[in-house]
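Enquirer: Sharing a structure here in structure tokens format.
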Amino acid sequence: MAATTLVIVESAAKAKTLGKFLGKNYKVKASVGHVKDLPKSKLGIDVEDNFEPKYITIRGKGDILKEIKDNAQKVSKVLLATDPDREGEAIAWHLRNAIKIDSETKCRIEFNEITKDAVKQAIKNSRTIDMNRVNAQQARRILDRLVGYNLSPLLWSKVRKGLSAGRVQSVAVRLICERETEINNFLPEEYWTIQLKVEDENKHIFLARLNNYKGKKLEINNETEKSEIISELEKANLTVEKVVTKEKRRKPNPPFTTSTLQQEASKRLNFMAKRTMRVAQELYEGLEIGKQGTIGLITYLRTDSIRVSSTAQAEALEYINDEFGKEYAPKTPNEYKSKKAAQDAHESIRPTSASRSPQSLKQYLSRDQFRLYKLIWERFIASQMTPAVYDTISVDISAGDYGIRASSSQLKFPGYKKVYNDNEEEEIKNPIPELTKGQELFLNELLPEQHFTQPPPRFTEASLVKLLEEKNIGRPSTYAPIIDTILRRNYVERQNKQFIPTELGYIVVELLKDNFSNIIDVEFTARMEENLDLIEEGELDWKQVIKDFYSPFEDEMEKAQELIEKIEIKDEEAGKDCPECEKPILIKHGRFGKFLACSGFPDCRHTESYTEEVGVNCPVCQGEIIALKTKKGRKFFGCKNYPECDFKTWNKPTGELCPQCSNAMVEKTSKNKDVHAICQNNECKYKKEMGVEVATD
1177 MAATTLVIVE
1187 SAAKAKTLGK
1197 FLGKNYKVKA
1207 SVGHVKDLPK
1217 SKLGIDVEDN
1227 FEPKYITIRG
1237 KGDILKEIKD
1247 NAQKVSKVLL
1257 ATDPDREGEA
1267 IAWHLRNAIK
1277 IDSETKCRIE
1287 FNEITKDAVK
1297 QAIKNSRTID
1307 MNRVNAQQAR
1317 RILDRLVGYN
1327 LSPLLWSKVR
1337 KGLSAGRVQS
1347 VAVRLICERE
1357 TEINNFLPEE
1367 YWTIQLKVED
1377 ENKHIFLARL
1387 NNYKGKKLEI
1397 NNETEKSEII
1407 SELEKANLTV
1417 EKVVTKEKRR
1427 KPNPPFTTST
1437 LQQEASKRLN
1447 FMAKRTMRVA
1457 QELYEGLEIG
1467 KQGTIGLITY
1477 LRTDSIRVSS
1487 TAQAEALEYI
1497 NDEFGKEYAP
1507 KTPNEYKSKK
1517 AAQDAHESIR
1527 PTSASRSPQS
1537 LKQYLSRDQF
1547 RLYKLIWERF
1557 IASQMTPAVY
1567 DTISVDISAG
1577 DYGIRASSSQ
1587 LKFPGYKKVY
1597 NDNEEEEIKN
1607 PIPELTKGQE
1617 LFLNELLPEQ
1627 HFTQPPPRFT
1637 EASLVKLLEE
1647 KNIGRPSTYA
1657 PIIDTILRRN
1667 YVERQNKQFI
1677 PTELGYIVVE
1687 LLKDNFSNII
1697 DVEFTARMEE
1707 NLDLIEEGEL
1717 DWKQVIKDFY
1727 SPFEDEMEKA
1737 QELIEKIEIK
1747 DEEAGKDCPE
1757 CEKPILIKHG
1767 RFGKFLACSG
1777 FPDCRHTESY
1787 TEEVGVNCPV
1797 CQGEIIALKT
1807 KKGRKFFGCK
1817 NYPECDFKTW
1827 NKPTGELCPQ
1837 CSNAMVEKTS
1847 KNKDVHAICQ
1857 NNECKYKKEM
1867 GVEVATD
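In this text, residue positions in the sequence shown follow the numbering used here: the first is 1177, and each later residue adds one.
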């Protein structure tokens, strides 16, 4: 029996998953993403005709589109099952027009998860194309094209060929540049803290901290102040003023959104946003799971909602009851409220079935798939569990005019932490004996410590994504492409997981700030995102939004062409001469990163690959240590004499050998940003801090 319904999806993997459970009456084809787009070779927007876009069939998609059209003629019904977001709606609209389906036909279906029940339910609830969603996508695409196709040539002529400036990426670079400037201008300030070892009459010792003077917060700014306070504390009588014991509950975090998934995958798995989204796409589209067949394992991966369906909540509670016991399952499901700016078009990212534990799927998944699925599954299950419960004690102690506080916290019931440890440490292992108000205590030891205020940290991928979301810059689907673009364009570099702006990044940001204040303004970009949301809601006309943006932008472009002078960025010398003509070798920036080239170009065309010298010798053969990158872009260090010497390490070598086991010493940064020199041998615990030997037992 011939198929009567054609279902069109975006990817071959998704088509394969749907094809296996839709049955013989359905034929599933993939468009392989967009089939129509603006042309690459020209602007493709008629600015004189109310910004009418000129869409063309994407190169290489002609045969795919022809096959889809041919199949559409052989069936009685066509269903467009592209992704459930603006981008997917626009692809469905282009397909509808290409196939010539009437605009009033209910040909659009969407589902948040690729499971048999979800897809069948979607087919029952087919609808017409949502033109508000389409127009919101068109507005974003045209705005980005107007900015990119005007600013990029300007940068080519004024700065360097091959550059690009995007409406959202430029703001991201600005944030990184401004953070680096803040770090460079930071002046550390001295301050002191004083801890006290306190004991009762039974010699039970516990820690307390000095925190106020005459009821006001105490700040100790220098050693003189510290010494005066210590002198007074040594003479003071210690008396218990108040003892508070209570039970503290910590609720679980909600399930993942795109942003929070990217942040946690970066912190816990060391995944870049691009890698996270690629693996999540594989989990969403479906994988072969033994006798169960091909199944979509997670819900849609591009979302800013933390909502969970009642069906998924009920299944999760049943699983929690069975696996962990009723004390871990709340009496009513945990509800989470999405932030105000969230589109809330679909659910949070969660497993399509709570019963599919990571361990039960491990044999069917790649290492990356397993690790990301485990993260998503654990976060979701934990989000539906009871809070963690702590027993806490807080003791206020008087020492003359000084106030001292001792705190202790002990985990009483793990709750959601049984499944997902969110690293928000609540336990304070400081056993405090039973105390009563008015009880006398005794000073055992004073522990003053000098500190210096620290500059704000450089952005990591996780913290940059978090800030972009907080500032309402971009949308879940744009974070990974933004980061990928600014790295590829050499506006920023990634070192030790942190973003550092390049000279080129500073130059482009300053140029845009001086001449296109709106383009690079955080608040303006956020307002534009709000306008796109209002277009989707049908409250704003999309072409009017573009017109309001373009008129002042066009004026700024004309002025910039005249006012901006050519900026010369001198290539850095590599510190050696060309072996062919003896002219200096320069460090150049190309499409694929840095490379070395002769300064005598074009007369001399000598080039070399670029290697970053670390400035230390190999601990094995005394050759030069150089910084290298894996195929996936992760930095490591190795000996220049490879393959004769195969020394390599993920951490930067110090050039020293461990005095205990003679292995190489490498740099390691702790969570509080202290740099240690540690032994590369994991079994040896030797380390040095700031050039000082540290205990190793």
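C-beta: ideal position from N, C-alpha, C; glycine also.
Measuring alpha carbon to alpha carbon, tell me which of I1184, F1777, K1192 and L1493 ends up nearest E1458.
Expert: K1192
Enquirer: S1442 and T1636: beta carbons closer than 8 Å?
Expert: yes
Enquirer: I believe V1349 touches V1684 by the beta-carbon criterion, under 8 Å. Please report the beta-carbon distance rounded to the nearest angstrom.
Expert: 7 Å
Enquirer: Helix, strand or coil, according to DSSP, for E1417 in the structure here?
Expert: If DSSP states are grouped into helix, strand and coil, E1417 belongs with the strands.
Enquirer: Is DSSP giving Q1919 helix, strand or coil here?
Expert: Since the first residue shown for the chain is 1177 and the last is 1873, residue 1919 is missing from the structure and cannot be characterised.
Enquirer: Smallest Cα separation from F1589: which of Y1578, E1603 and G1579?
Expert: Comparing alpha carbon positions, the residue from Y1578, E1603 and G1579 closest to F1589 is E1603.
Enquirer: In the DSSP assignment, what residue or residues form a beta bridge with W1392?
Expert: According to the sequence as given, residue 1392 is Lys; it is not Trp. Looking at the DSSP assignment, K1392 forms a beta bridge with Y1389.
Enquirer: Run through the segment 1757 to 1800 for me and flag every whole beta strand (DSSP E) of 3 or more residues, listed as ranges in chain order.
Expert: 1760 to 1766, 1769 to 1774, 1783 to 1785 and 1788 to 1793
Enquirer: How is the beta strand (DSSP E) around L1319 delimited, first residue to last?
Expert: Careful: L1319 lies outside any beta strand (DSSP E), inside the alpha helix (DSSP H) at M1307 to K1334.
Enquirer: Given the structure, does G1579 come close to the ligand MG, in the sense that its CB is under 7 Å from one of the ligand's heavy atoms?
Expert: This structure simply doesn't include the ligand MG, nor any ligand for that matter.
Enquirer: For I1608, name the three-state secondary structure that DSSP assigns.
Expert: Reduced to three states, the DSSP call for I1608 is coil.
Enquirer: Since I believe T1528 is in contact with L1473 (beta carbons under 8 Å), could you give me their beta-carbon distance rounded to a whole number of angstroms?
Expert: 6 Å
Enquirer: Going by Cα to Cα distance, which pick from A1638, A1189, P1430 and G1195 is closest to V1204?
Expert: G1195
Enquirer: So L1680 and N1694 are supposed to be a Cβ contact under 8 Å. How far apart are they, rounded?
Expert: Between N1694 and L1680 the Cβ distance is about 22 Å, and since that is not below 8 Å, they are no contact.
Enquirer: Between the C-alpha atoms of S1128 and R1651, what's the straight-line distance to the nearest angstrom?
Expert: Outside the displayed range of the chain (1177 to 1873) lies residue 1128, so it cannot be described from this structure.
Enquirer: Take N1857 and list the residues in its own chain whose beta-carbon comes closer than 8 Å to its own, dropping the five residues that flank it on each side.
Expert: C1834, C1837 and N1839
Enquirer: Using CA atoms only, rank isn't needed, just tell me which of Y1818, I1290 and A1530 is closest to P1431.
Expert: A1530
Enquirer: Is the Cβ-Cβ distance between E1423 and D1598 less than 8 Å?
Expert: no
Enquirer: So, under 8 Å CB-CB, D1544 and V1641 are touching, yes? Tell me the CB distance rounded to an integer number of Å.
Expert: Not quite, the Cβ-Cβ distance comes to about 19 Å (not below 8 Å), so this is no contact.
Enquirer: Thinking C-alpha only, which one of Y1231, I1381 and D1660 is nearest A1449?
Expert: For A1449, the nearest C-alpha among the options comes from D1660.
Enquirer: What residue from K1673, N1817, L1716 and P1633 has the CA that sits closest to R1444's CA?
Expert: K1673
Enquirer: Which of the three DSSP states is assigned to G1579 in this structure?
Expert: Under the three-state reduction of DSSP output, G1579 falls in the strand class.
Enquirer: Among the residues of its own chain, which have a CB less than 7 Å from the CB of I1318, if the five just before and after it don't count?
Expert: I1221, F1227, P1229 and I1722
Enquirer: Could you round the C-beta distance between A1582 and F1287 to whole angstroms and report it? I think they count as a contact, below 8 Å.
Expert: A1582 to F1287, Cβ: 55 Å. No contact.
Enquirer: For T1369, does the three-state DSSP call read helix, strand or coil?
Expert: strand
Enquirer: For P1755 and P1728, I'd like the C-alpha separation in whole angstroms.
Expert: Near 53 Å, if we compare the C-alpha coordinates of P1728 and P1755.
Enquirer: Give a yes or no on whether the C-beta atoms belonging to F1244 and I1299 are separated by under 8 Å.
Expert: The amino acid at residue 1244 is misidentified as Phe; the sequence shows Ile. Taking a C-beta distance under 8 Å as the contact criterion, I1244 and I1299 do not qualify as a contact pair.
Enquirer: Once DSSP output is grouped into helix, strand and coil, what is the label at N1247?
Expert: helix
Enquirer: Going by the DSSP bridge assignment, what does V1484 pair with across the sheet?
Expert: Looking at the DSSP output, V1484 bridges to nothing.
Enquirer: According to DSSP, is T1193 helix, strand or coil?
Expert: helix
Enquirer: Look at the Cβ atom of I1696, then the Cβ atom of L1688, and state whether they are nearer than 8 Å.
Expert: yes
Enquirer: Report the three-state DSSP secondary structure of K1864 (helix, strand or coil).
Expert: strand
Enquirer: Can you name the start and end residues of the alpha helix (DSSP H) that R1555 belongs to?
Expert: R1543 to S1559
Enquirer: So F1156 packs on P1631, CB below 8 Å; how close in whole Å?
Expert: Limits of the chain in this structure are 1177 at one end and 1873 at the other, which puts residue 1156 out of reach.
Enquirer: Verify whether the separation of the beta carbon atoms of Q1560 and P1607 is less than 8 Å.
Expert: no
Enquirer: Using the DSSP secondary-structure output, state which residues sit across from S1585 in a beta bridge.
Expert: T1568 and I1604
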